[in-house]
Amino acid sequence: MKNSRSLEIGTGLFVLLGFAALAFLTTQLPGTSLKFGGSDGGYTVTARFDNIGDLKPGSPVTMAGVRVGRVESIRFDPKDFKAAVVLRIEDQYKEIPEDSDASIQTAGLLGGKYIGIGPGGSETFLKQGGQIEFTQSAIVLESLVNKFFANMASKGSDDKKDEAPAAQEQK
Amino acid sequence: MSAVVDSAAVAALRRIGAMTLFLGQVLARVIPAFAKPGLIVKQIYNAGARSLVIIMLSGLFVGMVLGLLGFDTLQRFGSEDSLGVLAALGMLKVLGPVLTALLFAGRAGTSLTSEIGLMKSTDQLTAMQMMAVDPLRYVVAPRFLGGIIAMPLLAATFSVIGLFGAQLIGVQQMGVDVGAFWSQTQNAVDLHDVNEGIVKSLVFGIACSLIAVFEGYQCEPTPEGVGLATTRTVVTSSVMVLLLNYLLTAAFLTRS
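Top to bottom, those sequences are chains R and B. Counting from -19, one number per residue, gives the positions in the first sequence under my numbering. Counting from -8, one number per residue, gives the positions in the second sequence under my numbering.
Okay, structure coming up:
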């Protein structure tokens, strides 16, 4: 009897653990319901961006490259067609000037997006529920490339007439 | 058993045919086997619960290596934040199912083969048949089913532990941001990737369990025969798992 008891307990534990792992993989990993590294401490401020690129909830918020908080939530504001990003700043960084600016930056060439806060000069500081007025949107690589080629095309159209016969001669 | 000595090619063909016939025989007894769920539970315990420690330990270390090497490579492109994506997709799609199946073949497959082989060599299976008890139904089918049920659960555990192993190295030791690690992972992984891993581990579970019980049931009933059959279980299972892994990976690639 004792043997069958430990057998059942062991099997039950294994099956529970296995299904817990399966549940984690199927529901938490593809979703965004579970927040890792999030905390309830600190205070929140809002920043509104024209374009957030692929900024995600959970992305870091930094000042001078040091992480001071995280992106808490992102939603689209239909009134002014902007993205309202709620930032949760840790309590120890209380003295961020009110007129600081927030910009969306990319970590490395292929890295994720994060928000960099550049300090302003104001004597008053951001408080719970405050708003960062000066924002700079994410740089979208495609539009940058488009701009670059548009520039090249308009510049190159003058030189093209000289180049075309030269290219033919070489052939 | 036949007096005719087959050439290697014919022998291989015979083995494939015998295994397919055996699969049919076992499958025909799968439903009746559920009449005695206690036997299946016992096999889930043997194949699954007792493999848990080795699976978790291996998963942790594989995940830690993934964290270490993944970080080292991604760092060169300044995209170490994507470490979670690399670890999660690597674990879910390949490392979890494949390594679990290989460990399963070594840990549980061998014990299945040698157990059934020893039953055969001590005439227990013959005795059962004489008492009109079907050994395929009461010995083979529960072991086959136990392995199939245990494998996806083991693989899922392996993947989750591995992911946290990667996080342990990436976040705690290398300083990847924990929020970026998980938010990028959750954004990049979708249900399709998870399903691929589950389907793979189910298929591997069927293959490994079938090979293990087949080798045990068909072995030469001598000490040497049982030993040979156990070796064949590991070799055949490993090769089949890697081969099936390629086929399944290709199938899932073309589907998406």
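Yeah, the Cβ is synthetic: ideal placement off N, Cα and C, and Gly gets one too.
Query	Result
Report yes if the CB atom of I69(R) is closer than 8 Å to the CB atom of V46(R), and no otherwise.	no
Note down the Cα distance separating F4(R) from V125(R), rounded to an integer number of angstroms.	40 Å
Terminal residues of the continuous alpha helix (DSSP H) containing K6(B)?	Here residue 6(B) turns out to be Arg, not Lys, going by the sequence shown. Taken as a continuous stretch (DSSP letters only), the alpha helix (DSSP H) holding R6(B) covers -1 to 19.
Is the segment 216 to 231 of chain B touching the segment 88 to 106 of chain B in the sense that three or more CB pairs, one from each, lie closer than 8 Å?	yes
What three-state label does DSSP hand A146(R) in the structure shown?	Only weak support exists for where A146(R) lies, its pLDDT of 49 falling under 50; the value from the coordinates is given anyway. Residue state, collapsed to three classes: helix.
Let me know the secondary structure DSSP gives V41(R) once reduced to three states.	strand
I think R134(B) touches S200(B), with their Cβ atoms under 8 Å apart; what is that distance to the nearest whole Å?	7 Å
Return no unless some Cβ of chain R is closer than 8 Å to the Cβ of Q175(B).	yes
Once DSSP output is grouped into helix, strand and coil, what is the label at Q111(R)?	strand
Excluding the 5 residues preceding and the 5 following M231(B) in the sequence, name in chain order all residues of the same chain whose CB lies nearer than 6 Å to its CB.	A198
Can you give me the C-alpha to C-alpha distance between M119(B) and L(-13)(R), rounded to a whole angstrom?	25 Å
Which residues, taken in chain order from the segment 125 to 152 of chain B, show a beta carbon closer than 9 Å to some beta carbon of chain R?	I140, A141, P143, L144, L145, A146, A147, T148, F149, S150, V151, I152
Could you tell me whether the Cβ of A24(B) comes closer than 8 Å to any Cβ of chain R?	no
Could you name the residues of chain B that T(-9)(R) contacts, counting a contact when the two beta carbons are closer than 9 Å?	V32, K33, I35, Y36, G39, A40
Once DSSP output is grouped into helix, strand and coil, what is the label at L235(B)?	helix
Measure the alpha-carbon distance for F128(R) versus L65(B) and round it to whole angstroms.	28 Å
Do you know offhand how far A44(R)'s Cα is from P99(R)'s?	9 Å
Taking the alpha-carbon positions, what's the K93(R) to G75(B) distance?	15 Å
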